Amino acid sequence: MLSPTSTDVIRATLPVVGAAISDITTLFYRKMFDAHPELERDLFNRGNQKQGEQQKALAGAIAAFAALQLEPDQARVDLILSRIANKHASLGIEPSQYAIVHTHLFAAIVEVLGDAVTPEVAAAWDEVYWLMAETLIAMEAGLYASAGVAAGDVWRDVRVRERRHESADTVSFVLTSLDGSPLPSFAPGQYLSVAVHLPDGARQIRQYSLSSAPSRGDWRISVKRAGEVSNFLYHNVFEDDVVTVSTPFGDLVLQEDDAPLLLVSAGIGCTPMIGMLSHLADTADSRPISVLHADRSASSHAHRAELTELVERLPFAVMHRWYEDLGARRPEGSLREGRADLGEVTIAPGTRAYLCGPLPFMLGMREALLAKDVPAENIHYEVFGPDSWSATV
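In UniProt numbering, the protein residues as written are 1 to 393.
In structure tokens, the structure reads:
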């Protein structure tokens with residue numbers, strides 16, 4: 001909790017800092033990468049940096065966290081920081097790196113805001129930063145401890161046992177340990193990071209949802225041919241190759257209760273849902289489950305046959321599919337043409353909804369669920385890439 005003095009200063013200066021936060025975060029990254037080029041080359045997603053997505057996500061998180069110190073909402077704080085902490089853990093972030101961020105973030109604040117940064121203002125925002133940082137450090141320590149690894153020591157080499165095409169532009173990789181022992185379990189819906197060394201010498205890291213059940217002793221990820229790292233994996237990784245991955249992390253996980261489930265996905269966002277459904281089928285789950293998926297066409301729908309088979313294994317599961325282009329098919333039963341429409345779906349009372357797909361798709365689905373009286377706290381989601389959503393909902 002902020003001190004009373006800092007609370008007053010933050011309340012007075014938040015509008016000014018908030019208005020300049022995008023300029024601050026952009027300058028911050030430039031300063032940090034100038035001083036530590038290895039971070040840009042080997043840790044941060046340079047595609048997101050180029051598009052401004054990482055800057056936008058950081059700006060939103062800082063502004064939201066500061067605002068929540070003035071009007072406390074612990075659930076919102078936990079949501080924002082849990083997602084950041086899990087992403088940090090999957091990257092192997094260590095406590096010492098927060099000091100690097102602090103140095104360059106505050107240099108950027110001073111440069112952008114100039115004389116407005118009095119000693120009192122600097123002290124108050126310093127307190128906000130370290131409150132946020134120390135909370136994240138504690139969360140990440142808990143995640144590392146739960147995973148049975150030392151802080152930052154999340155990487156291991158695994159072997160590709162199987163490579164399989166799941167659609168025209170998506171392949172899955174089944175990963176096993178080098179010595180044949182079972183890989184650690186994980187929670188359905190979690191992801192891992194994959195680190196690759198690209199031809200230009202950069203080490204780039206991306207996250208991929210685990211698309212298999214946790215009880216099988218191996219890990220499976222599905223990679224759509226889009227973006228720098230995914231294209232590299234698609235074109236260069238084959239059976240018996242060795243890749244470097246992190247321990248699984250992520251907070252989009254099935255809750256341990258018997259609430260009805262609604263799994264909503266679009267495109268490659270089906271992957272965490274496939275992992276959840278595999279677990280539910282393996283454990284003979286008997287709760288009501290509605291599975292909704294939207295895609296461009298049947299040929300672009302990754303894991304299409306597997307999704308159908310998993311739904312058929314669950315006694316009270318139903319599936320709804322929307323394809324923008326049905327081709328020679330006709331709408332029938334659960335298959336519809338066009339964009340996903342929750343108006344056509346019955347939502348059971350007490351439903352927990354899990355969303356994954358492009359951000360505009362998820363925002364639309366969330367609004368539709370809220371309109372159907374699904375409580376906001378029952379709507380869970382996964383964002384592939386920087387999370388600019390959690391700070392705004």
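In this text, a Cβ means the ideal position worked out from N, Cα and C, and glycines have one as well.
Since this is a predicted model, take the numbers as computed values, not measurements.
{"query": "If you run the structure through DSSP and keep just helix, strand and coil, what is D8?", "result": "helix"}
{"query": "I'd like to confirm the pairing. Which residues does DSSP put opposite I221 in its beta bridges?", "result": "F173, L210"}
{"query": "Identify the continuous alpha helix (DSSP H) that holds E382 and give its terminal residues.", "result": "Run containing E382: none in the alpha helix (DSSP H); it sits in the beta strand (DSSP E), 379-382."}
{"query": "Rounded to whole angstroms, what is the Cα-Cα separation between A340 and G227?", "result": "25 Å"}
{"query": "Are the CB atoms of E166 and A302 within a distance shorter than 7 Å?", "result": "yes"}
{"query": "Less than 7 Å between the C-beta atoms of R203 and T176, yes or no?", "result": "no"}
{"query": "Less than 6 Å between C-beta atoms, sequence neighbours within five positions excluded: which residues of the same chain meet that for R11?", "result": "L70"}
{"query": "Ordered along the chain, which non-local residues of its own chain (more than five positions away) have a Cβ less than 6 Å from that of V311?", "result": "V291, A317, M319"}
{"query": "Give the secondary structure of S22 by DSSP, where H, G and I count as helix, E and B as strand, and everything else as coil.", "result": "helix"}
{"query": "Do the CB positions of I24 and V112 come within less than 7 Å of each other?", "result": "yes"}
{"query": "Pick out the complete alpha helix (DSSP H) segments inside the segment 118-159, 4 residues or longer, and give them in chain order.", "result": "119-147"}
{"query": "I'd like to know if the segment 274-284 and the segment 132-145 are in contact, where contact means that at least 3 CB-CB pairs between them fall below 8 Å.", "result": "no"}
{"query": "Which of the three DSSP states, helix, strand or coil, is assigned to L314?", "result": "coil"}
{"query": "Should S230 go down as buried or exposed, given a rule of 16 or more other Cβ atoms within 10 Å for buried?", "result": "buried"}
{"query": "Per DSSP, R320 forms a beta bridge with which residues?", "result": "Note on residue identity: the sequence assigns His, not Arg, to residue 320. In DSSP, H320 forms a bridge with L292."}
{"query": "At which residues does the beta strand (DSSP E) containing R83 begin and terminate?", "result": "That residue, R83, is in no beta strand (DSSP E); its alpha helix (DSSP H) goes 74-91."}
{"query": "Contact defined as beta carbons within less than 8 Å: I believe I137 pairs with P95. What is the distance between those atoms, to the nearest angstrom?", "result": "5 Å"}
{"query": "State yes or no: is the C-beta of V154 within less than 7 Å of the C-beta of G92?", "result": "yes"}
{"query": "Alpha carbon to alpha carbon, how far is Y208 from P119?", "result": "44 Å"}
{"query": "Near L105, which residues of its chain fall below 6 Å by C-beta distance, leaving aside the five closest residues on each side in sequence?", "result": "F28"}
{"query": "By Cβ distance, which residues of its chain are closer than 7 Å to G47, with the 5 residues on each side in sequence left out?", "result": "G227, E228"}
{"query": "Using CA coordinates, which residue listed in A67, A187, G60, D258 is at the minimum distance from I84?", "result": "G60"}
{"query": "Distance, Cα to Cα, D285 vs A19?", "result": "49 Å"}
{"query": "Excluding the 5 residues preceding and the 5 following S6 in the sequence, name in chain order all residues of the same chain whose CB lies nearer than 6 Å to its CB.", "result": "A124, E127"}
{"query": "Restricting to Cα atoms, I'd like to know which of G250, I221, D251 is closest to V237.", "result": "I221"}
{"query": "Under 7 Å, do S299 and D325 count as touching if we go by C-beta distance?", "result": "no"}
{"query": "Round the Cβ separation of S82 and F249 to the nearest angstrom and send it over; I've been treating them as touching at under 8 Å.", "result": "At roughly 10 Å, the Cβ-Cβ gap does not stay under 8 Å, so S82 and F249 are not in contact."}
{"query": "Taking C-beta to C-beta, are K50 and A107 nearer than 7 Å?", "result": "no"}
{"query": "If L252 sits next to H380, beta carbons under 8 Å apart, how far is it from one beta carbon to the other, in whole angstroms?", "result": "6 Å"}
{"query": "On a Cα-Cα basis, can you pick out the residue from S246, S211, R216 that is closest to R156?", "result": "S246"}
{"query": "Would you mind working out which of V194, G189, P199, D218 sits nearest D179, comparing C-alpha positions?", "result": "D218"}
{"query": "For the putative contact between T351 and A259, defined by C-beta atoms under 8 Å, what is the C-beta separation to the nearest angstrom?", "result": "7 Å"}
{"query": "Please look up how many angstroms separate the CB atoms of A353 and V264, rounded, as I've assumed it's under 8 Å.", "result": "6 Å"}
{"query": "If you check the beta carbons only, do S211 and T271 fall under 7 Å apart?", "result": "yes"}
{"query": "To which residues of the same chain is P184 closer than 8 Å at the C-beta, ignoring the five residues directly before and after it?", "result": "A147, G148, T247, P248"}
{"query": "Thinking R304 and W322 are a contact (beta carbons under 8 Å), I'd like their distance in whole angstroms, please.", "result": "About 13 Å; that fails the 8 Å criterion."}
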